[in-house]
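As structure tokens, the structure follows; a few thoughts come after it.
In full-length UniProt numbering, the protein residues as written are 1 to 100.
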């Protein structure tokens, strides 16, 4: 059974999340921006960079893996840029409509 303090903290987090969602008319776009940026970094950038730093440039069959890391990093960069800019454009469009 969970202690009362844990339940109180959990309830406070849920209430705060709902309050923030109601205060910002484009909260979902903000979440898309944060998710698109951070998810791409955590799933693609950091693992690939850690792999490249750990193993460096190698010869032979490992060179193909190094090339695959670089190609994946370039594709992930493009996805990061497109996703972030699309979210920012959506936020800007909704903000302009809100202020008009």
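Even glycine gets a Cβ: it sits at the ideal position worked out from N, Cα and C. Note that the coordinates shown come from a computational prediction; the quantities given were computed from them, not determined experimentally.
**Request:** Report yes if the C-beta distance between residue 84 and residue 41 is below 8 Å; otherwise report no.
**Result:** Cβ atoms of residue 84 and residue 41: not closer than 8 Å.
**Request:** Let me know if residue 77 comes out buried or exposed under the rule of 16 or more other beta-carbons within 10 Å of its beta-carbon.
**Result:** The Cβ neighbour count for residue 77, taken over all protein chains shown within 10 Å, is under 16; the residue is labelled exposed.
**Message:** Taking only three categories from DSSP, how would you classify residue 35?
**Reply:** helix
**Message:** Can you confirm whether the stretch 16-31 touches the stretch 60-79 when touching is taken to mean that 3 or more C-beta pairs between the two stretches lie within less than 8 Å?
**Reply:** Verdict: no, contact absent.
**Item:** C-alpha gap between residue 86 and residue 4, whole angstroms
**Value:** 43 Å
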